[in-house]
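This report concerns only the one structure given below.
2 protein chains.
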Amino acid sequence: MRQIGIGILGLGNVGSGVMKLLGDNAEAIRARLGSEIVVRRILVRDADKPRLVSVDPALVVTDARAILDDPEVRIVVELIGGEDTARDLTLSAFRRGKHVVTANKAMLAVYGQEIFDAAEKQGVDIYYEASVAGGVPLLRALREGLASDRVDEILGIVNGTSNFILSKMADEGRSFAEVLAEAQAGGFAEADPTLDVEGIDAAHKLSILVSLCFGKTLRMDEIVREGISHVAPVDFQMADRNGCVIKPLVLARAGETSIEARVHPAMISKRSMLAAVGGVYNAVCVSSYALGSSMYYGRGAGMMPTAVAVVSDIIEVARDVLGQSAGALPLRLQRSFPRERTVRDPGDFQCRYYFRFTAPDRFGVAAEITQALGEYGVPLAEVTQLGRNADGHAVTVVVRTFDARERNVKAALETLARSPNASAPPRMLRIFE
Amino acid sequence: MRQIGIGILGLGNVGSGVMKLLGDNAEAIRARLGSEIVVRRILVRDADKPRLVSVDPALVVTDARAILDDPEVRIVVELIGGEDTARDLTLSAFRRGKHVVTANKAMLAVYGQEIFDAAEKQGVDIYYEASVAGGVPLLRALREGLASDRVDEILGIVNGTSNFILSKMADEGRSFAEVLAEAQAGGFAEADPTLDVEGIDAAHKLSILVSLCFGKTLRMDEIVREGISHVAPVDFQMADRNGCVIKPLVLARAGETSIEARVHPAMISKRSMLAAVGGVYNAVCVSSYALGSSMYYGRGAGMMPTAVAVVSDIIEVARDVLGQSAGALPLRLQRSFPRERTVRDPGDFQCRYYFRFTAPDRFGVAAEITQALGEYGVPLAEVTQLGRNADGHAVTVVVRTFDARERNVKAALETLARSPNASAPPRMLRIFE
Numbered sequence: 001m002r003q004i005g006i007g008i009l010g011l012g013n014v015g016s017g018v019m020k021l022l023g024d025n026a027e028a029i030r031a032r033l034g035s036e037i038v039v040r041r042i043l044v045r046d047a048d049k050p051r052l053v054s055v056d057p058a059l060v061v062t063d064a065r066a067i068l069d070d071p072e073v074r075i076v077v078e079l080i081g082g083e084d085t086a087r088d089l090t091l092s093a094f095r096r097g098k099h100v101v102t103a104n105k106a107m108l109a110v111y112g113q114e115i116f117d118a119a120e121k122q123g124v125d126i127y128y129e130a131s132v133a134g135g136v137p138l139l140r141a142l143r144e145g146l147a148s149d150r151v152d153e154i155l156g157i158v159n160g161t162s163n164f165i166l167s168k169m170a171d172e173g174r175s176f177a178e179v180l181a182e183a184q185a186g187g188f189a190e191a192d193p194t195l196d197v198e199g200i201d202a203a204h205k206l207s208i209l210v211s212l213c214f215g216k217t218l219r220m221d222e223i224v225r226e227g228i229s230h231v232a233p234v235d236f237q238m239a240d241r242n243g244c245v246i247k248p249l250v251l252a253r254a255g256e257t258s259i260e261a262r263v264h265p266a267m268i269s270k271r272s273m274l275a276a277v278g279g280v281y282n283a284v285c286v287s288s289y290a291l292g293s294s295m296y297y298g299r300g301a302g303m304m305p306t307a308v309a310v311v312s313d314i315i316e317v318a319r320d321v322l323g324q325s326a327g328a329l330p331l332r333l334q335r336s337f338p339r340e341r342t343v344r345d346p347g348d349f350q351c352r353y354y355f356r357f358t359a360p361d362r363f364g365v366a367a368e369i370t371q372a373l374g375e376y377g378v379p380l381a382e383v384t385q386l387g388r389n390a391d392g393h394a395v396t397v398v399v400r401t402f403d404a405r406e407r408n409v410k411a412a413l414e415t416l417a418r419s420p421n422a423s424a425p426p427r428m429l430r431i432f433e
Numbered sequence: 434m435r436q437i438g439i440g441i442l443g444l445g446n447v448g449s450g451v452m453k454l455l456g457d458n459a460e461a462i463r464a465r466l467g468s469e470i471v472v473r474r475i476l477v478r479d480a481d482k483p484r485l486v487s488v489d490p491a492l493v494v495t496d497a498r499a500i501l502d503d504p505e506v507r508i509v510v511e512l513i514g515g516e517d518t519a520r521d522l523t524l525s526a527f528r529r530g531k532h533v534v535t536a537n538k539a540m541l542a543v544y545g546q547e548i549f550d551a552a553e554k555q556g557v558d559i560y561y562e563a564s565v566a567g568g569v570p571l572l573r574a575l576r577e578g579l580a581s582d583r584v585d586e587i588l589g590i591v592n593g594t595s596n597f598i599l600s601k602m603a604d605e606g607r608s609f610a611e612v613l614a615e616a617q618a619g620g621f622a623e624a625d626p627t628l629d630v631e632g633i634d635a636a637h638k639l640s641i642l643v644s645l646c647f648g649k650t651l652r653m654d655e656i657v658r659e660g661i662s663h664v665a666p667v668d669f670q671m672a673d674r675n676g677c678v679i680k681p682l683v684l685a686r687a688g689e690t691s692i693e694a695r696v697h698p699a700m701i702s703k704r705s706m707l708a709a710v711g712g713v714y715n716a717v718c719v720s721s722y723a724l725g726s727s728m729y730y731g732r733g734a735g736m737m738p739t740a741v742a743v744v745s746d747i748i749e750v751a752r753d754v755l756g757q758s759a760g761a762l763p764l765r766l767q768r769s770f771p772r773e774r775t776v777r778d779p780g781d782f783q784c785r786y787y788f789r790f791t792a793p794d795r796f797g798v799a800a801e802i803t804q805a806l807g808e809y810g811v812p813l814a815e816v817t818q819l820g821r822n823a824d825g826h827a828v829t830v831v832v833r834t835f836d837a838r839e840r841n842v843k844a845a846l847e848t849l850a851r852s853p854n855a856s857a858p859p860r861m862l863r864i865f866e
C-alpha cells in the first residue's frame, strides 16, 4: 500500500488531536484513501515537555529543517499558530514543493494573499478548513458546495468563547467579569482572553471568509470590531423583553461596489436559527443568490473537532497527491470577483439600535436623550427608565431606535456621553432583524 | 479556453434551474474553473412544450442517444427522475465513459449500489449532491468534511413539504387536510402528495445517507416509515405543553453490530436546533465520533436551490476531467465499513412515547389504559383527559410514557384499539430528547 508522508509542526492541543484522530481512525482512513498516511516527523519546541498523546520519541524534532528537508514529507501540517514564524515555515514548505494544511487563522488573516499566491505559483495545495469554525466543513461548503452560486452575505457566530460567556450570562443573569473568571477556571477561556472577548479571533476568521466569498483581502482595521465586555445583565433582560437574545456576531456583506465586515455582539430574534446556537458552538448563515439561506453549525474549537478539519484536509491533499492533481486545478475563486469593491464607510451601516444610559433619577434626562437623538436624526422607538431612585442616585435608562445610520447614532451617543447627567458612558448594541 | 461539454436529461423544474444558473453565473463559473461549461444537448419528452427558461431549440433532442452518442458530451446530467429509465440512461452513460451528475434520490435509493459499482468499474464520476437536502452541500460535508471522522447518528428534516405542513399546522392550529389542500393550491405540495406526506421521499434520502455514512444498502422495507397525516391539532397543543414541537424526522443510527433507520414525525424539544427549522427548509444533524454534533441547514427543494447542488457537482466533475483525475480516486467510503451490520429489530427501539386515545367520557377508561400499559411493561408518565363530555360522547385522552420499547408500546396500543371503548384508532408519536 502506498504511503503519504506528513510532517506536523506543533504538538499542542490541535497537534495532539491530529495524532489521536490519525490513530483512532487509521483503519477507516486507510480504507477510504486506499493509501496510508504516515507521520514522519513532529516539530516541538521542547522535546521533554509532557504531551496529551504519546508519540514515538524518534519522530520528535526541534528543528523545522528536519521536516522541510525530508523528501518523504509531502504534506506539512502547520499547527504552531502565530503569524510570522508560521508564514515563514509555510512559504519554505511551498518552495520545497510541499503541500500545506493549516489551522492558523491569524497567519491567513494577515498573510493570506501572499500565501495563496505563493501556493499557486509553486503549484502546491494549501488547505485551511480548521481556521474557521473548527471542525465544521464550512470552507468546503463555500468553496465547492456553492461553487455555482454567488454569496452575498455571511452572518455567524465564530468565536466559541464569546458565545459561551454570553450564553452563560443570559442563562444565569450574571456579569461578564464573573462568567469570564469561571470560564477561565474551567478552561473555556484563555488566561489572557483579549483575542476572544475583544473580537480579534472572530475578525481573523471573518477576514478569511471575506477573502473566500468576496475575493477581497481586508486589513484588520477595515473590520468594524467591538468586544463583549460591556454587555451587562440588564441588556439580556431588555433583549428578552423584545423577543431577542444577544449573540457575538460576525457580519460581512458584498454589494455592487462595496464590502462591509463587522464583528460585534448584537440582539437577534429568538426565532432566528442563530439564537439557538449556545455554549461553545459556532454557526454561520450564508445568503447566496440561488440557494438563499443556508447554515453550517458545530463545534468551532477543541482538540478533536479541530483535528477533524485538519485530518480531512490531509486526506484531501493526499488524494490530490495520489491523483497527481495537487495544486494543478484549484478553483480560482479569487478570479471570479473582477470588480474592485471598496470598503463601505462604517457610518453608513443601518439597523435598529439599543442603548443604555446611566443618569440620576430626575426630570430632564429623558428630554435630553430624546433631544440628542432628534438632533442627529435618529428615530426613537422607545425610552424606558428602569425603576426609580428616590435619592437622586443614578438609574438606567434604555432606548430603542427605529432604523438609523450608525454615524448618527454614534454622534448622538457622544453628545450624551459629554452630558453632566451621564454617570457612566452610554453602551450601545445593534438590533438585527 | 477549454470547453467541457455536458448533456442534460430533462428540462423540468430542476433542469430549467440548471440552465438558468449556468447562464446567470456563467462568468463566475468560467473564472473559477478556468474553462467553459457548454450545454451541448438537452433531452425532453415533448420538444414543443413551453419551458420555464428559453433554450436554443437546436440543443433540444427527444432521443437520449443524441446525448449518449455525442463524444463531445463528457458529463451527463440526469434530471428526468423516476427509477428504471434513469438507471438505464445512467448505466449507458457510464459504458460510454461519461460522468454522471444526478438529482435522483429514488433511483439511488433503489439502484444505488449497482450504480456506484458500475461507476467505479468504468472509472467514471457519479455525483449526487442534489439528491438529499437540495442545495445544502450535505453530502460533500459527510464525504469530504468528515472523511477523517466516523458518523454514528443522523437526525434530520429532509422533506420540505411535510415540514411546511406541520409548521403551518402548528402555527395556525388547523387540520392536516386543510393545510394540505392549501399547500397543494400554493404549489408547496403535489397533487398526489403520497411520496412526501407518507415519508417515501424522506426514506429515499435516508437510504442515501445510510449508504454514505454507514456503508449499508437498505431495502425500502427495512426503513421504519410513518407519514404525517394522522397528526392532529391537539397533538401540537400537547407537544407545546411539554416544551416540544412536532417535526417530520429521519433518524439513522449505527451501532457495533446493527443499524436502524426510521422516518416518522416526532416530538422534539423546542430548544433543539431542529425545532427552529420551519417551512420548506431542511436540516440534518450529524453526530460523529470526533466532531460531535454538527448541522447543515437550507432549502431542500425548489428550482434554484436544487440547481446549486447540480451545477456545483458539474463544476467538480469538470475539474476532475480537466485534471484527468475523474473516477480515478474516489474516496472509498464503502470500504471503510468492514463489519457487516444487520438491521436492528424496530421493536427494540426505545424512547418516550405520546399517544392519543378517543373514548367515551366515563369511568374505567383511564383504568383500561393504565392496565394495558402495565400489562406490556410500558411505564406511564402522565395520562390526561382533555375536557369532559356530559352526554357520554367521546373525549380525547392523551398519554405520555417514560422510556419504553417500541414493541411493547405497539402491543399495548393494539390492545387498546380492540377495546369496545375505542371510538377511533389510538394515534402514537415518539418523543425524542
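Protein chains in written order, with this note's numbering: chain A, 1 to 433; chain B, 434 to 866. Think of the CB as a built atom: it goes at the ideal place given N, C-alpha and C, for glycine as much as any other residue.
Glu815(B) burial status per 10 Å Cβ neighbour count (16 or more: buried): Burial call: exposed.
- prompt: What in chain A is Cβ-close to Ala709(B), meaning under 8 Å?
  reply: Arg271, Ser272, Met273, Ala275, Ala276
task: Alpha carbon to alpha carbon, how far is Arg430(A) from Leu68(A)? Give it in angstroms, no decimals.
output: 48 Å
Proximal chain B residues relative to Glu316(A), where beta-carbon distance stays under 8 Å: Glu577, Ala580
- request: Please report the residue range of the alpha helix (DSSP H) in which Asp824(B) lies.
  value: Taken as a continuous stretch (DSSP letters only), Asp824(B) belongs to no alpha helix (DSSP H), as it is neither H nor E.
message: At the level of alpha carbons, what is the spacing between Ala855(B) and Gly825(B)?
response: 13 Å
query: Does the beta carbon of Leu79(A) sit closer than 9 Å to a beta carbon anywhere in chain C?
result: Looking for chain C here will not work: the only protein chains present are A and B.
field: Cutoff 9 Å: Glu460(B) Cβ touching any chain A Cβ
entry: With respect to chain A, the C-beta atom of Glu460(B) has a partner C-beta closer than 9 Å.
message: Can you tell me whether Gly300(A) is buried or exposed? The criterion is at least 16 other CB atoms within 10 Å of its CB, across all chains shown.
response: buried
message: Only counting the same chain, and skipping five residues up and downstream in sequence, which positions put a Cβ closer than 8 Å to that of Leu386(A)?
response: Sequence-distant partners of Leu386(A) (beyond 5 residues in either direction) whose C-beta falls short of 8 Å from its own C-beta, in its chain, are Val234, Val395, Thr396, Val397, Val398.
query: CB Ala183(A) to CB Thr161(A), shorter than 9 Å?
result: In contact: Ala183(A) and Thr161(A) (Cβ atoms closer than 9 Å).
- request: Starting from the C-beta of Ala563(B), find all residues in its chain whose C-beta is less than 6 Å away, skip the five residues before and the five after it, and write them out in chain order.
  value: Taking Ala563(B) as the centre and dropping the five residues before and after it, the same chain places the C-beta of Ala536, Thr739, Ala742, Val743 closer than 6 Å to its C-beta, in chain order.
query: Is it true that the segment 745–759 of chain B meets the segment 157–175 of chain A, where meeting means three or more beta-carbon pairs spaced less than 8 Å apart?
result: no
- prompt: Pick from Ile154(A), Pro426(A), Pro360(A), Arg32(A): whose alpha carbon is nearest that of Ala261(A)?
  reply: Ile154(A)
Residues of the segment 147–161 of chain A with Cβ closer than 8 Å to any Cβ of chain B, in chain order: Against chain B - using a Cβ distance shorter than 8 Å - the residues of the segment 147–161 of chain A are Ala147, Ser148, Asp149, Arg150.
- prompt: Which term fits Arg772(B), buried or exposed, when burial requires 16 or more other beta carbons within 10 angstroms of its beta carbon?
  reply: exposed
query: Taking just the CA atoms, how far does Arg253(A) sit from Leu642(B)?
result: 33 Å
Proximity to Gln113(A) [Cα-Cα], best of Arg87(A), Arg95(A), Gly135(A), Gly97(A): Arg87(A)
query: Between Leu476(B) and Gly440(B), is the Cβ-Cβ spacing less than 9 Å?
result: The answer is yes: Cβ separation under 9 Å.
message: Can you pull the chain B neighbours of Gly12(A), defined as C-beta to C-beta under 8 Å?
response: Simply none; closest approach about 17 Å.
- request: Mind checking which residues open and close the beta strand (DSSP E) that includes Leu373(A)?
  value: No beta strand (DSSP E) contains Leu373(A), which is instead part of the alpha helix (DSSP H) from 365–375.
query: What residue does the alpha helix (DSSP H) around Tyr128(A) start on, and which one ends it?
result: Segment: none, Tyr128(A) is in no alpha helix (DSSP H) and carries neither H nor E.
message: For the segment 730–745 of chain B, list every residue whose C-beta sits within 7 Å of some C-beta in chain A, in sequence order.
response: Tyr730, Gly731, Arg732, Met737, Pro738, Ala740, Val741, Val744, Ser745
Chain-ordered residues of the segment 838–849 of chain B with a beta carbon less than 7 Å from chain A: none
message: Looking at the strands, I want to know which residues DSSP matches up with Thr102(A).
response: As a beta-bridge residue in DSSP terms, Thr102(A) pairs with Glu78(A).
For Ala665(B), the three-state DSSP class (helix, strand or coil): coil
Segments assigned beta strand (DSSP E), at least 3 residues, entirely inside the segment 564–595 of chain B: 584–590
- request: Kindly indicate the opening and closing residues of the alpha helix (DSSP H) around Thr358(A).
  value: It is not in any alpha helix (DSSP H) - Thr358(A) instead sits in the beta strand (DSSP E) that spans 350–360.
field: Length of the line joining the Cα atoms of His204(A) and Arg352(A)
entry: The straight-line gap separating the alpha-carbon atoms of His204(A) and Arg352(A) is approximately 26 Å.
task: Spell out the partners DSSP gives Val73(A) in its beta bridges.
output: Gly5(A)
query: Helix, strand or coil: which one does DSSP assign to Ile864(B)?
result: Residue state for Ile864(B) is assigned as strand, using DSSP reduced to three classes.
message: Let me check one thing: in DSSP terms, what residues is Glu815(B) bridge-paired to?
response: Arg833(B)
task: Answer with buried or exposed for Phe363(A), where buried requires no fewer than 16 other C-beta atoms within 10 angstroms of its C-beta.
output: exposed
- prompt: How about Arg686(B): is its C-beta nearer than 9 Å to some C-beta of chain A?
  reply: no
- prompt: In terms of DSSP beta bridges, what is Pro643(B) paired with?
  reply: What sits at residue 643(B) in the sequence shown is Val, not Pro. Partner(s): none; Val643(B) has no beta bridge.
query: By Cβ distance below 8 Å, which residues in the same chain neighbour Gly374(A) in space, the five residues on each side in sequence not counted?
result: Leu380
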